[in-house]
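K.L.:
Under numbering that gives the first Met the number 0, the residues of the sequence shown are numbered 0 to 340, in order.
Where is the CB? At the ideal position from N, CA and C, for every residue including glycine.
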Amino acid sequence: MSPLRIILVYLGWALLWSAVQAMLLWSVGLPVDVAVADALLTNLLLTTGGYAMGTGLRYYQPSIKQGAYLFGWSLGLAGICILLFDFIVERAFSSNEVYLSFESATLPVRLVFAWLMVLLMLLMSWMWYYTRNRQQDEERKATTEKLAREAELNTLRQQLQPHFLFNSLNSISALVGARPEQARTMIHQLSEFLRGTLRKENQQLVTLEDELRHLELYLEIEKVRFGHRLQTAIEVQNETMNMRLPALLLQPVVENAIKFGLYDTIGDTAINIKATVADHHLQLQVQNPYDPDTTRPNRGTGFGLSSVQRRLYLLYARQDLLSTRQQDHTFITTIKIPQAK
C-alpha cells in the first residue's frame with residue numbers, strides 16, 4: 000500500500016470517529032459547533048500520533064513475544080495526545096467555562112478512549128506490516144527455491160551433453176580416415192542436434208512430436224556409431240503427439256537403453272519406444288534387451304535415469320513417475336508425464 004493510501008485510510012478513520020464522537024457529545028448537551036470542534040481535535044491528535052507510531056513500525060517491529068510493548072507505547076502516546084488536547088482547549092475555549100468544566104471532568108474517560116483508539120491503530124498497523132513482511136519472506140523463499148530448482152534443472156541438462164558429445168567426436172575421428180563421407184554426415188547431424196538442443200535450453204515443456212523429432216537426430220548419430228547393430232522402433236498413439244513433456248527428457252533414457260543394450264550384448268539390438276495415454280498421463284516406455292549373464296540391470300539406472308528422475312521430481316514433486324523392471328531378457332523403463340486436465 001502506498002503512503003498516500005495509508006494517509007487516506009487514517010483520515011477516513013479520523014472522520015468516522017469524529018462523526019460518532021460529535022453526535023455523542025451533542026447528545027449530552029454540548030452545542031453542535033463545540034461538539035464538532037472537540038471531536039475533530041481529539042481524533043486529529045489521535046490519528047496523527049497513531050500514524051506516526053504506525054509508520055515507525057515499518058522500520059522496527061516487535062516480535063509476537065514483544066507485543067506487550069505496544070500496550071506501553073499506546074498508553075504513553077494516548078497520554079501525550081490528551082495533554083495536548085487539554086492544553087489547546089484551555090486556550091481555544093478560555094471563555095467557555097461550562098465546556099472547560101465538562102472537559103476536565105471527562106479527562107479520565109478521554110484518556111481511556113484515547114488509549115483504546117491508539118492501541119487499536121497500533122495493533123492494526125503492526126498486524127498489517129507483520130503480515131506483509133511474512134508474505135514478502137515467503138515470496139523471497141519461493142523465488143529462491145524456484146531459482147535453485149531451475150539452476151539444478153539446467154545443470155542436469157548440461158551434464159548430459161558432454162558425455163554424448165565426446166562419444167560422437169570420437170566416432171567422427173575414427174571415421175575421418177576410413178569413411179570420410181560418413182564422418183561429414185555425422186558432423187552435419189551432430190550440428191543439427193546441438194542446434195536443436197540450444198533452442199530448447201529455455202523451454203521447460205515441449206510437445207511429444209518435437210521431442211521425437213529431436214530424438215530422431217540423436218538416433219541417426221548413434222546409428223552411424225554402431226552401424227547395423229542398432230535398430231529402433233517407435234510406436235506412438237496419434238493422440239499423444241500434442242501432449243507435453245519436459246524438453247530433452249527422452250534422449251538420456253534412450254542413451255541408457257543403448258548403453259546397456261549394446262555394450263554387453265552381441266549381435267543386433269532393437270530399442271523400442273512406445274507412447275500411450277493412461278489416466279491423463281503421457282506414458283513413455285523404452286525397452287532394450289540385456290544379457291543377464293553380463294549385465295546387471297539393477298545398476299543400469301546410472302546418471303542418465305537418475306537425472307531424469309530428479310528432473311521429474313523437481314518439476315512435478317512426485318517420485319513415482321519413473322520406474323524400471325525386467326521381463327525375460329528385456330529391460331523396460333517407464334515414464335509417466337502428468338497432463339493438464
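1) Can you say whether D278 is buried or exposed, counting buried as having 16 or more other CB atoms within 10 angstroms of its CB?
2) Express the C-alpha separation of A13 and A21 in angstroms, rounding to a whole number.
3) List in chain order: all unbroken alpha helix (DSSP H) runs of 4+ residues lying wholly within the segment 46-114.
4) Report the partner residues of I334 according to the DSSP bridge assignment.
5) Taking only the alpha-carbon atoms, compute the straight-line gap between R4 and A18 and give it to the nearest angstrom.
6) Determine the DSSP secondary structure at L7, reduced to helix, strand or coil.
7) Starting from the Cα of S73, find the closest Cα among F86, N95, Y50, V88 and give me that residue.
8) Just to confirm, are L118 and L69 a CB contact at a threshold of 8 Å?
9) In whole angstroms, what is the alpha-carbon distance linking F289 and V307?
10) Would A256 and N287 be called neighbours here (beta carbons separated by less than 8 Å)?
11) Can you grab the Cα-Cα spacing for the pair L207 / Q230, in whole Å?
12) With H, G and I counted as helix, E and B as strand and the rest as coil, what does DSSP make of Y119?
13) Mind the definition here: the segment 36-45 touches the segment 108-126 only if three or more C-beta pairs lie below 8 Å; say whether that holds.
14) What residues in its chain sit with their C-beta under 6 Å from that of K335, if we drop five residues either side in the sequence?
P.N.:
Taking the definition as stated:
1) Indexing the sequence shown from 1 puts residue 278 at position 279. It is exposed - the Cβ of D278 has fewer than 16 other Cβ atoms within 10 Å.
2) Your numbering for residue 21 matches position 22 in the sequence shown. Your numbering for residue 13 matches position 14 in the sequence shown. Rounded to whole angstroms, A21 to A13 spans 12 Å at the Cα level.
3) 67-91, 96-104
4) The residue given as residue 334 occupies position 335 in the sequence shown. Paired residue(s): L283, L321.
5) Residue numbering aside, residue 4 sits at position 5 when the sequence shown is read from its first letter. Residue numbering aside, residue 18 sits at position 19 when the sequence shown is read from its first letter. Cα to Cα, the separation comes out at about 21 Å.
6) As a first step, residue 7 must be located in the sequence shown, where it is residue number 8. L7 falls in the helix class under three-state DSSP.
7) By one-based count along the sequence shown, residue 73 stands at place 74. Ranking F86, N95, Y50, V88 by Cα distance to S73 puts Y50 first.
8) By one-based count along the sequence shown, residue 118 stands at place 119. By one-based count along the sequence shown, residue 69 stands at place 70. Yes, the Cβ-Cβ distance between L118 and L69 is below 8 Å.
9) Along the sequence shown, read from residue 1 onward, the residue named residue 289 stands at position 290. Along the sequence shown, read from residue 1 onward, the residue named residue 307 stands at position 308. Note that residue 289 is Tyr in the sequence shown, not Phe. Distance between the alpha carbons of Y289 and V307: 21 Å.
10) By 1-based counting over the sequence shown, the position of residue 256 is 257. By 1-based counting over the sequence shown, the position of residue 287 is 288. Yes, Cβ-Cβ distance for A256 and N287 is below 8 Å.
11) Within the sequence shown, residue 207 is the residue found at index 208, counting from 1. Within the sequence shown, residue 230 is the residue found at index 231, counting from 1. Rounded to whole angstroms, L207 to Q230 spans 21 Å at the Cα level.
12) Looking up residue 119 in the sequence shown gives position 120. For clarity, residue 119 is Leu in the given sequence; the question names Tyr instead. The answer is helix: DSSP assigns L119 an H, G or I state.
13) yes
14) As a first step, residue 335 is located in the sequence shown; it is residue number 336 there, counting from the start. Contacts found: H280, Q282, L320.
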